[in-house]
Each structure stands twice: as C-alpha cells, then as structure tokens.
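Residue 10 is where the sequence shown starts when you use this note's numbering, and the numbers rise one by one after that. By construction, the Cβ of each residue, glycine as well, lies at the ideal position given by its N, Cα and C atoms. Scroll down for the structure; my scribbles are underneath it.
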Amino acid sequence: MSTRPLLNRRLDGLGTTIFAEMSALATATGAINLGQGFPDTDGPESVREAAVRALRDGRGNQYPPGPGVPELRTAVSDHQQRFYGLTVDPDTEVLVTAGATEAIAAAMLALLEPGDEVIAFEPYYDSYVACISMAGAKRVPLTLRAPSFRPDLDELRSKITSRTRLLLLNTPHNPTGTVLTAEESRAIAALAVEHDLLVVTDEVYEHLTFDGARHIPLATLPGMRERTVSVSSAGKTFSFTGWKVGWVTGPRELVSAVRSAKQFLTYVASGPFQYAVAEALRLPDAYFADFRATMLARRDLLANGLERAGFKVFRPAGTYFITTDIRPLGESDGFAFCRTLPERAGVVAIPNAVFYDHREQGAPFVRFAFCKQTAVLEEAASRLKTLGA
C-alpha cells in the first residue's frame, strides 16, 4: 500500500468533530446533552405543517431550483427589509444553501485564493477552520479574551496585511455570546473599507440577543453593502435544525461567486422544507419576541444553576450558549473535565479549547447549551450541584 498520507494536508488535525464525540458520550451514558446546540423540542406547529403540506402537494419532492425556491428567496428578501431595512433582490442577491455551514464553506471556496489570509474571531465555530483550510487560505485569529470577550480593534488593525483578503465575523458570537456593539461594528466596517476587504458574516443567532443588545448586520453600514456576504439560517431561529435550510445574501457579484462553488457541493437540498421556512420567516413579530423571552429565561435558569455549582459564568448577550470557567472548581483542563462530567454529574458539555488554534488559551473554559426544555435544564442544574459538594 502507498506510504503517501491518505488525508489531504489541508485537513490535517481535523478528525471527528467534538460535537459527534460528546453526543455519542451522552448516548452511551444517558447523560443530559447540553453540548451540541440543538433544541429538544420542535418549532412552531404551523411551520411543521407547512412542510407536511409541501410534501403532500408535491412541492420540492424533486430538485428545487439551484438558487432556492422563489417563495423562500422572496421571504428572505422581505425579512432583510423588515428587520434591517436592507433591500435585497430575491432573484440575484439571495442564495439558499444546505444550512449556514454549507454557506460558509461555499463562500470560502469561492472568494479565497491559496495563500490569502482570513481574520476571524477566536474562539471560532470549528467548521471555519475546515473551510478556510480547504480553500488553501490561512486563518489569522483575533482572540476574544475573558472576561469581556470583546474584540480588540487595535489588534485587529495590526493583523491586517497585504495578504489579508477577508474578515469572517460571527455575531452574535458562538461560543462566547458576544454581540458586537454599534461602535465596534462601525470601526470594523471602517477597517474593511479602508483596506478593501471582503467580509463574510455568520448571523445565524440574529434573533437571539438579550439584555438590550441589538444585532446590527454589517451590510447596513456605510461602504459595506457591496463587500459583505451575509449568512443566516432557519435552524436556530425556528428550532428545526435538522432541516438544514440556510441562505446567503449580498451583492449580485459576490452571491454569484458563492453559487458557483455551492452548486458543486450539495447542488440543492431541503426542497419541501424551503417552502415551510418561507412561511416561518413571515411569522408575526410576537413569535420572535416570545422566542427571545423564552430563551432568556432558560439562559438565566441554567446560568444560576451553574453559578450555584461553583462555575464562573459569563452570561451571554446572544446565542444559546453559556461559556464558563472551571478553575473555581479546582479544574483547569476542559477536555478532561468534559470527558468525565457525564459519569460525575450526568451532564455533557463542550470544551471551548476545540474552538482555539492555541488550545491552551481555551483550556479552562467549557460551553453549555440552554436551548432545552425548562425541566431538562432544572434537572441538569440539580445534577451539577454535586460538583460543588
């Protein structure tokens, strides 16, 4: 057999994701899974019934159009106008993808050349690492540091070089829960314009902000509309993560470029679900307000329980994840802690170190998901109390 390595060097070190490992551990031990970010209840019944109706009516059971079904592209365009005042042409400036993960992958493959540099907030969602690597580009981390997890804008400026091609930004930010302020957003936009950078923004938690924080799409700021690819999806907002319906919006030229790569990934996906998501995006404002309020209550329930158990808790301003520091518990290795936690307390979490290039920077931090039923979070909090004891 050939001695050549079987794995492309660009993917070196990218084995099975930590989410698969920890979810398998939850199944094996019967522990409460607060690791992977998926809800344990379905979203609105009306949206689920819309998917059933599409199936029965034969809509989307065969290949949908490459850019996405017109109903969904129009709904995405209307959503951008409704919430942010952004005018987006549904025919040329919207692309439907197999979730936000595919949208990020297609954007990186389409917009980067080998050797380009990409600045991204660290800790970062693990698919960013893979997507940048597959494009042959180099990731340059801008580390968000505890306790505030705010971006250092002077550091950001210092990291921009002649090789910098793109900023890959996630706000609201997973896993820290940071939401960029208006001042931070304007400063980042000014740097992008000054250095003529492309920007890809992952905004999947756009409707999950708390405590007065407000999501501001960078595409709404001066000079950004023509250089920004905005990514979002239905999974987080409507609690149908298995449907894998995401989308890209942006100027025609950039969206066309992303489509050129996307068509050779899945080509198309999620046909009947696209029609259902089109209806979901038109739900009344009350739905989005109630969803946010429900998740805020769950955030506080779990955060209070984690504090009682002895964790240092960083309450997120967005997303549905809580980052904690395990050092007050006498621990310092998040990997070891998470791998023993199911046996010790019957709960699964994710070590934040997997989201860092230099894993020692994230070693003492552990992430918990609060997108679960109230009774489940109460039971998890009860179990975790044994750690303090």
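Asked, Found
"Rounded Cβ spacing between G343 and G371 (contact assumed at less than 8 Å)", "7 Å"
"M10 to T333 span [Cα, whole Å]", "A caution first: M10 carries a pLDDT of 48, below 50, which makes its placement in the model unreliable, though a value can still be read off. One C-alpha to the other measures close to 47 Å."
"Residues near A116 by beta carbon distance below 6 Å, same chain, minus five either side", "V209, V238 and V267"
"E80 to Q272 span [Cα, whole Å]", "20 Å"
"Q89, buried or exposed, once every other Cβ within 10 Å from all chains shown has been counted against 16", "buried"
"Separation of F346 from F247, as counted between CA atoms", "32 Å"
"S86 - containing beta strand (DSSP E), residue span", "Here S86 belongs to no beta strand (DSSP E); instead the alpha helix (DSSP H) covers P79 to Y93."
"Alpha-carbon to alpha-carbon, G314 and L386", "9 Å"
"Best match in V264, N183, H182 and R148 for proximity to T170 [C-alpha to C-alpha]", "R148"
"K381, DSSP secondary structure in three states", "coil"
"DSSP three-state assignment for D309, whether helix, strand or coil", "helix"
"Residues near M233 by beta carbon distance below 6 Å, same chain, minus five either side", "A198 and L227"
"Every unbroken beta strand (DSSP E) within the stretch 192-262, with a cutoff of 3 residues, ordered by chain", "207-211, 237-242 and 255-258"
"Buried versus exposed call for P181 [16 or more other C-beta atoms within 10 Å across all chains shown]", "buried"
"Close-in-space but distant-in-sequence residues of the same chain around I128 (CB under 6 Å, 5 per side omitted)", "V149, L151, K168 and L176"
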